[in-house]
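**Q** Pasting a structure here, questions to come.
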Amino acid sequence: MGLKTAEQYKSSLRDGRAVFFRGEKVADVTTHPVIGIAVEHAALDYRMAEDPKHRALAVVKEGNNEYSRYYHIPRNGEDLRKRSDLIAAATREGATLVVLIKEIGTDALYALTMIGERLAAAGKPEYRERIAKFHRHCRDNDLAVAVAQTDVKGDRALGPTQQEHPDYYVRIVEERPDGIVVRGAKVHTSVSTNSHEVIVLPTRAMKAEDKAYAVAFAVPLNAPGVKMIASPHGASKKNDFEHPISARHKMMETLTVFDDVFVPKERVFLQGEVDFAGLLALTFVRFHRFTAVSYKLPLLELLAGAGYAIAEANGIARAGHVRDKLTQLAAYHTIVRGLIEHAAATCMIEDGGVAVPNTLITNVAKYHFAHNYHAGVQIVQDLAGGLLVTAPAAEDLTSEATREYVLKYMGGAKGFDAEKRLRLLNLISDLTSSDFGGYQEVLAVHAEGGFEAEKLQAYREYDFKTVSAYARKLAGI
Numbered sequence: 105m106g107l108k109t110a111e112q113y114k115s116s117l118r119d120g121r122a123v124f125f126r127g128e129k130v131a132d133v134t135t136h137p138v139i140g141i142a143v144e145h146a147a148l149d150y151r152m153a154e155d156p157k158h159r160a161l162a163v164v165k166e167g168n169n170e171y172s173r174y175y176h177i178p179r180n181g182e183d184l185r186k187r188s189d190l191i192a193a194a195t196r197e198g199a200t201l202v203v204l205i206k207e208i209g210t211d212a213l214y215a216l217t218m219i220g221e222r223l224a225a226a227g228k229p230e231y232r233e234r235i236a237k238f239h240r241h242c243r244d245n246d247l248a249v250a251v252a253q254t255d256v257k258g259d260r261a262l263g264p265t266q267q268e269h270p271d272y273y274v275r276i277v278e279e280r281p282d283g284i285v286v287r288g289a290k291v292h293t294s295v296s297t298n299s300h301e302v303i304v305l306p307t308r309a310m311k312a313e314d315k316a317y318a319v320a321f322a323v324p325l326n327a328p329g330v331k332m333i334a335s336p337h338g339a340s341k342k343n344d345f346e347h348p349i350s351a352r353h354k355m356m357e358t359l360t361v362f363d364d365v366f367v368p369k370e371r372v373f374l375q376g377e378v379d380f381a382g383l384l385a386l387t388f389v390r391f392h393r394f395t396a397v398s399y400k401l402p403l404l405e406l407l408a409g410a411g412y413a414i415a416e417a418n419g420i421a422r423a424g425h426v427r428d429k430l431t432q433l434a435a436y437h438t439i440v441r442g443l444i445e446h447a448a449a450t451c452m453i454e455d456g457g458v459a460v461p462n463t464l465i466t467n468v469a470k471y472h473f474a475h476n477y478h479a480g481v482q483i484v485q486d487l488a489g490g491l492l493v494t495a496p497a498a499e500d501l502t503s504e505a506t507r508e509y510v511l512k513y514m515g516g517a518k519g520f521d522a523e524k525r526l527r528l529l530n531l532i533s534d535l536t537s538s539d540f541g542g543y544q545e546v547l548a549v550h551a552e553g554g555f556e557a558e559k560l561q562a563y564r565e566y567d568f569k570t571v572s573a574y575a576r577k578l579a580g581i
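Here it is as structure tokens:
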């Protein structure tokens, strides 16, 4: 009970979970050459709680009890702002890669807390009690919690019951007095290989015939029948010189299979209530996109900082077109930061007294980030030059046959010798032109919902009636 150390976190993952990497079962995720990097990255959350520099932000104290701030249900804008600051700080410690082992799970817990109140008002208070109990379990044991929401879907033009086979969406296949049995699979399940629990949420609104698919629950990730097939993307062996970010920081995603998994009744949070499935999915997104923009801020800081630094190293910082490009990066970061701060400040207090970030502003912030990310990458690549993909290797700096030439010819402006300039170029290359760079670009487009989802939510939230009434008034209508 209470806060875990980083070592306690790592040892707790040796629990017999069924994780597969390139077709082979992983004996120990903490020592695996690829997944082990993700474990060390995720341990940052636990290290920050012990670090005096971060402890006041990372830990909440209530009487004699201390627990991770992530598990603190936000009650006002200040709570949301501190949560955002913690997410950004953790991502900064993770060299622009979000930690996510508590961020995403608590996004789901906040959404479940609100839906639990709605279900209680509809005559089903048992869900509210189960959700509250599970929240306390995760908080008091300082657990890492993943979320599985996106079903594999099959033919996206068809609903769950219209698919070629019935398991393209996770569904209830058996109801028992003591719980349910579920079957199906979810994709894009982040941090699942190295979390303790997974919360499963609906991915969409459901119709009456979809009752078996209107399900939400939580199970330990070593539960019988849970199988995780890990993505190998970005798993090539790397050194710190050429890949200063991705050699040390990684997040795993899995195809998460629920192969007739039994879920005890106390861990079932939705069981056939089709009217609440879509609402739960959207409520989770209201929190998760706020988390998303919060963890994008260090990434935008690095784009601006790396762009400025490489302009200095290349001796072009005073050129007018360079100042223009750097101003674009500065404005990009500042707009996204200002929007997310305003989303917290203008939150709404909703079901159960939960503070919900301003949905319109959050979605506009997420869309602005995603819509402009590739342009930001292009600016930094333009400032850096072609050496991002043609520079000498780490070994060329240590080889007697090549070191002399690399040091002589790879220097830049005064103060940037060859090694310093290459280190800066390698940082930018890792961020923008490596497999990690490609990973970040795909995340910008698809993570936490794509462009159209963000635009649709912004359209729904914007007060067109008021502004159109103003237009009609001025038109004399």
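Quick note: the sequence shown uses our numbering, first residue 105, plus one each step.
The beta carbon of each residue, even a glycine, is placed where N, CA and C say it ideally should be.
From a predicted model like this one, the values you see are computed outputs, not experimental measurements.
#1: Please report the distance separating the alpha-carbon of Asp132 from that of Ile420.
#2: With DSSP as the reference, label Asn467 as helix, strand or coil.
#3: To test your reading of the DSSP string, which unbroken alpha helix (DSSP H) runs of 4 or more residues are found completely within the segment 337-422?
#4: Can you give the Cα-Cα distance for Ala595 and Ala110, rounded to whole angstroms?
#5: Anyone know if the C-beta pair for Leu386 and Leu374 falls short of 8 Å?
#6: May I ask you to report which of helix, strand or coil DSSP gives Tyr171?
#7: Reducing DSSP to helix, strand and coil, say where Ser533 ends up.
#8: For Tyr214 and Ile177, what's the separation of their Cα atoms in angstroms?
#9: Can you tell me whether DSSP reads Thr254 as helix, strand or coil?
#10: Rounded C-beta distance between Lys290 and Thr360? I'm assuming under 8 Å.
#11: Excluding the 5 residues preceding and the 5 following His446 in the sequence, name in chain order all residues of the same chain whose CB lies nearer than 8 Å to its CB.
#12: Are the beta-carbon atoms belonging to Val274 and Val286 less than 8 Å from one another?
#13: Would you tell me roughly how many angstroms separate the C-alpha atoms of Gln266 and Glu279, rounded to the nearest one?
#14: What separation, rounded to the nearest whole angstrom, lies between the Cα atoms of Ile532 and Gly541?
#15: How about Glu197 and Leu148: do their beta carbons lie closer than 8 Å?
#16: Ignoring anything shorter than 4 residues, give me the alpha helix (DSSP H) runs that lie fully in the segment 160-219, in order along the chain.
#17: Short check: CB of Ala146 to CB of Ala248, under 8 Å?
#18: What is the rounded straight-line gap between the Cα of Gly376 and the Cα of Ala318?
#19: With a floor of 4 residues, list each alpha helix (DSSP H) that falls wholly inside the segment 424-506, ordered by position along the chain.
#20: Measuring only the C-alpha atoms, how far is Gln561 from Ile208?
#21: Could you check where the beta strand (DSSP E) with Ala573 kicks off and where it finishes?
**A** Walking through what the data contain:
#1: Start at 1 with the first residue of the sequence shown, and residue 132 comes out as number 28. Start at 1 with the first residue of the sequence shown, and residue 420 comes out as number 316. If you take the alpha carbons of Asp132 and Ile420, they lie about 49 Å apart.
#2: Taking the first residue of the sequence shown as position 1, residue 467 is located at position 363. Helix.
#3: 378-417
#4: In the structure as shown, the chain starts at 105 and stops at 581, and residue 595 therefore has no counterpart that could be examined.
#5: Along the sequence shown, read from residue 1 onward, the residue named residue 386 stands at position 282. Along the sequence shown, read from residue 1 onward, the residue named residue 374 stands at position 270. No, Cβ-Cβ distance for Leu386 and Leu374 is not below 8 Å.
#6: In the sequence shown, residue 171 corresponds to position 67, counting from 1. Tyr171 falls in the strand class under three-state DSSP.
#7: Here the question's residue 533 lines up with position 429 in the sequence shown. Helix.
#8: For the purposes of this step, residue 214 is taken as residue 110 along the sequence shown, with counting starting at 1. For the purposes of this step, residue 177 is taken as residue 73 along the sequence shown, with counting starting at 1. Looking at the two C-alpha atoms, the distance is approximately 7 Å.
#9: Residue numbering aside, residue 254 sits at position 150 when the sequence shown is read from its first letter. It is coil, neither helix nor strand.
#10: Along the sequence shown, read from residue 1 onward, the residue named residue 290 stands at position 186. Along the sequence shown, read from residue 1 onward, the residue named residue 360 stands at position 256. Rounded, the Cβ-Cβ distance is 5 Å, consistent with contact.
#11: Locating residue 446 in the sequence shown gives position 342, counting from the first residue. Asn462, Ile465, listed in sequence order.
#12: Locating residue 274 in the sequence shown gives position 170, where the first residue counts as 1. Locating residue 286 in the sequence shown gives position 182, where the first residue counts as 1. Their beta carbons are under 8 Å apart, which means Val274 touches Val286 by this criterion.
#13: Here residue 266 refers to the residue found at position 162 when the sequence shown is read from its first residue. Here residue 279 refers to the residue found at position 175 when the sequence shown is read from its first residue. Distance between the alpha carbons of Gln266 and Glu279: 22 Å.
#14: Locating residue 532 in the sequence shown gives position 428, where the first residue counts as 1. Locating residue 541 in the sequence shown gives position 437, where the first residue counts as 1. Their Cα atoms are separated by approximately 9 Å.
#15: In the sequence shown, residue 197 corresponds to position 93, counting from 1. In the sequence shown, residue 148 corresponds to position 44, counting from 1. Yes, the Cβ-Cβ distance between Glu197 and Leu148 is below 8 Å.
#16: 181-197
#17: Within the sequence shown, the letter at position 42 stands for residue 146. Within the sequence shown, the letter at position 144 stands for residue 248. For Ala146 and Ala248, yes; Cβs fall inside 8 Å.
#18: Start at 1 with the first residue of the sequence shown, and residue 376 comes out as number 272. Start at 1 with the first residue of the sequence shown, and residue 318 comes out as number 214. Looking at the two C-alpha atoms, the distance is approximately 5 Å.
#19: 424-449, 463-488, 491-494
#20: The sequence position of residue 561 within the sequence shown is 457, counting from 1. The sequence position of residue 208 within the sequence shown is 104, counting from 1. Going from the Cα of Gln561 to the Cα of Ile208 covers about 20 Å.
#21: By one-based count along the sequence shown, residue 573 stands at place 469. Counting along the chain, Ala573 falls outside any beta strand (DSSP E), though it belongs to the alpha helix (DSSP H) covering 568-579.
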